[in-house]
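Asker: Those sequence lines, one after another, are chains E and W. Take the position in the first sequence, starting the count at 1, then add 50; the result is the number in my numbering. Take the position in the second sequence, starting the count at 1, then add 3; the result is the number in my numbering. Heads up, the beta-carbon is just placed ideally off N, CA and C, and yes, glycines get one too.
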Amino acid sequence: DPYCFALKMSILQYNGGSVIAMTGKNCVGIACDRRFGVQQLTLAGDFDKVFKINDKLFLGLPGLATDMQTLHEKLRYRVNMYRLREERDVSPKVFAKMVSSILYEHRWGPYFTEPVIGGLEGDKPFVCSMDLIGCPMVTDDFVVSGSSNESLLGICESLYIPDQSPEDLFETLSQCLLNAMDRDCISGWGATVHIITTTGVTSRNLRTRQD
Amino acid sequence: MARRYDSRTTIFSPEGRLYQVEYAMEAISHAGQAIGVLAADGVVLASEKKITSKLLETGGSSEKTYKIDDHICSAVAGITADANLLINYCRRTAQSYLLRYNQPMPVEQLLQNVCDLKQGYTQYGGLRPFGASFVFAGWDEHFGFQLYQSDPSGNYGGWKATAIGSNSSAAQSILKTDWKEGMPINDAIQLTVKVMAKTLDSTTLNSEKLEFATLTREDGRVKLHI
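Structure representation (structure tokens):
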């Protein structure tokens, strides 16, 4: 039957999506595409993959959509309990460890998502990514994840400039995400960018190619 | 006569009473007071801090008032250690409800849950009941602002104004005469201060001895201020 076919692809490419986080001078940017689809069929263009944990910490969760939602809800439980008991917000480093532990707890039946964390540790930027079983990687420039992660890595290496201001960081981050998304058929359909500074967060939706 | 029947919580006395539960309530009546008042646009909780030594490190935490979730808070009277256990239980329960249903837990459901736990300690296990009473204040979209009181027996009730701890009956009678339907939150705060002033053990009333919490809604989101 020529009208229904399934592609054999990795479980992490089933829904598609990309996330990127990048550091600037006392600021961090985190961005994601907005596509929600099932293999080659696109179903929505308003499916954000970056979630706010607190005013200075955001979490990006590309990968299998159901696992991304469940993991986000589990982390919300843990972060709420943390905040009630410790009477303070969770810091990015601690949160990264929390995510890593939860992922490793499911070492033999993992959540199919490779998170990206971007936040401010005091006023110093912190970015971290990890694989689906929780191996963390902390860098001082940028981290990427998702179905277009190779393209993202390539373009970030070329365009990244250290210690950018929030406005310049926004431009660089957006261009990296946009151009990498355009090379990936299962990412795209809009983008959301959050720039986190010590004074607040600016979130913008980008108009992109809707394909 | 009573002494023979009070060593085990899981046994009735010949008069049909549970002595351990009554002894728990007796313990609470010696503890610092906690008052709750329901207003038209919010709920007020006020508590008396019993220990006010200069040497006590207060830090930032409260001793009597606890946040359970973004939309529920609670004031405690009784054995603090027992209360802490239950507060933690309430917090975890509220979070698992949020995890399961992606909605804030309705206040009465939380009460039922924690009271079922307390009741278990009066019927099974041979363990003593919790020596703590609570006044819960919360808001949910089903019943709006609510005020509940729960005690060691596992009973709970919804109230318009209530008091627990020492001199609670005196406080309750003042509340009975002075509470008005539809009073705004500021009047409710005034009422709690007045009741505390009259029923507290010490002669002088200062801010060191009191802890207040108000639960209101602003822009459609619940605001909790301790």
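#1: Please classify K121 of chain W as buried or exposed, where buried requires at least 16 neighbouring CB atoms within 10 angstroms.
#2: Please state the DSSP three-state secondary structure of D232 of chain E.
#3: In chain C, what lies closer than 7 Å to K70 of chain W by C-beta?
#4: Along chain E, in chain order, which residues have C-beta atoms closer than 7 Å to that of Y120 of chain W?
#5: Run down chain E in chain order and give the residues with a C-beta less than 9 Å from the C-beta of N116 of chain W.
#6: So does the segment 42–61 of chain W actually touch the segment 191–206 of chain W, counting three or more Cβ pairs closer than 8 Å?
#7: Verify whether the separation of the beta carbon atoms of D83 of chain E and S60 of chain E is less than 7 Å.
#8: Could you tell me if Q260 of chain E is buried or exposed, where buried requires 16 or more neighbouring beta carbons within 10 angstroms of its beta carbon?
#9: For A241 of chain E, which residues in the same chain have their Cβ closer than 8 Å to its Cβ, ignoring the five residues on either side in sequence?
#10: If you check the beta carbons only, do Y127 of chain E and L102 of chain W fall under 7 Å apart?
#11: Note down, in chain order, each residue of its chain lying with its Cβ closer than 7 Å to the Cβ of G159 of chain E, except the 5 sequence neighbours on either side.
#12: DSSP three-state label for L58 of chain W, please.
#13: What number of angstroms, rounded off, separates the C-alpha of M4 of chain W from the C-alpha of L130 of chain W?
#14: Are the C-beta atoms of M148 of chain E and some chain W residue less than 7 Å apart?
#15: So, for Y124 of chain W: in the same chain, excluding its five sequence neighbours on each side, which residues have a beta-carbon less than 6 Å away from its beta-carbon?
#16: So what does DSSP say about A34 of chain W, is it helix, strand or coil?
#17: Apart from the five residues on each side of it in sequence, which residues of its chain come closer than 8 Å, Cβ to Cβ, to I177 of chain W?
#18: Quick check on Q98 of chain W - is its C-beta less than 7 Å from some C-beta in chain E?
#19: Counting pairs of Cβ atoms below 8 Å between the segment 129–138 of chain E and the segment 24–42 of chain W, do you hit three or more?
#20: Can you confirm whether M4 of chain W, when its beta carbon is compared against all beta carbons of chain E, has any partner nearer than 7 Å?
#21: Would you kindly work out how many angstroms separate the C-alpha atoms of S253 of chain E and V243 of chain E, rounded to a whole number?
#22: Report the neighbours of M131 of chain E on chain W: residues whose CB is nearer than 8 Å to its CB, in chain order.
#23: Output, in chain order, the set of chain E residues within a Cβ distance shorter than 9 Å of L288 of chain W.
#24: Do the segment 174–189 of chain W and the segment 142–156 of chain W touch if we need at least three Cβ pairs shorter than 8 Å?
#25: Can you round the beta-carbon distance between L114 of chain W and Y69 of chain W to whole angstroms, since I take them to be within the 8 Å contact cut?
#26: Specify the secondary structure class of E25 of chain W as computed by DSSP and reduced to three states.
#27: May I ask you to report which of helix, strand or coil DSSP gives F15 of chain W?
#28: Which runs of the alpha helix (DSSP H) spanning at least 4 residues fall entirely within the segment 65–132 of chain W, listed in chain order?
#29: Give the range of the beta strand (DSSP E) segment to which A81 of chain E is assigned.
#30: Just mark N158 of chain W as buried or exposed, buried being the case when its beta carbon has 16 or more other beta carbons within 10 Å.
#31: Is it a yes or a no for the segment 32–41 of chain W touching the segment 76–87 of chain W, going by three-plus beta-carbon pairs under 8 Å?
#32: Compare the C-alpha of R233 of chain E against each of E:L203, E:L170 and E:S179 and name the closest.
#33: Could you list which residues in chain E have their beta carbon closer than 8 Å to that of N105 of chain W, in chain order?
#34: List the DSSP bridge partners of P186 of chain E.
#35: Thinking C-beta only, is D72 of chain W closer than 7 Å to A97 of chain W?
Answerer: Quick answer:
#1: buried
#2: Looking at D232 of chain E - three-state DSSP - the assignment turns out to be helix.
#3: In the structure shown, chain C does not exist; the protein chains are E and W.
#4: It should be pointed out that residue 120 of chain W corresponds to Leu in this sequence rather than to Tyr. Neighbours of L120 of chain W on chain E: none; closest Cβ ~18 Å, over 7 Å.
#5: In chain order: nothing, as chain E lies at least about 16 Å away.
#6: Three or more beta-carbon pairs drawn from the segment 42–61 of chain W and the segment 191–206 of chain W are found closer than 8 Å, and the two stretches are therefore classed as touching.
#7: no
#8: exposed
#9: A81, C82, D83, R84, S224, L227, L228, M231, N255, L256 and T258
#10: Cβ distance < 7 Å, so Y127 of chain E and L102 of chain W count as in contact.
#11: none
#12: coil
#13: Bear in mind that a pLDDT of 49 at M4 of chain W, under 50, signals an unreliable position, so the number given afterwards is only what the model happens to contain. So the alpha carbons of these two residues sit roughly 22 Å apart.
#14: No - not a single Cβ of chain W is within 7 Å of the one on M148 of chain E.
#15: Around Y124 of chain W: L130 and P132.
#16: coil
#17: Excluding its 5 nearest sequence neighbours in each direction, I177 of chain W has C-beta neighbours in its own chain below 8 Å: K197, V198, K201 and T202, listed in chain order.
#18: yes
#19: Cβ pair count under 8 Å is below three, so no.
#20: Low local confidence applies: a pLDDT of 49 at M4 of chain W is under 50, so the model's placement there is unreliable, and no value is given.
#21: For S253 of chain E and V243 of chain E, the distance between alpha carbons rounds to 6 Å.
#22: R94, R95 and Q98
#23: Here chain W comprises residues numbered 4 to 229, so residue 288 of chain W is not present and cannot be evaluated.
#24: no
#25: Actually they are not in contact, since the Cβ atoms of L114 of chain W and Y69 of chain W sit about 15 Å apart, beyond 8 Å.
#26: helix
#27: coil
#28: 83–104 and 110–126
#29: C77 to D83
#30: exposed
#31: yes
#32: E:L203
#33: E123
#34: Answer by DSSP bridge pairing, in chain order: E:M180.
#35: yes
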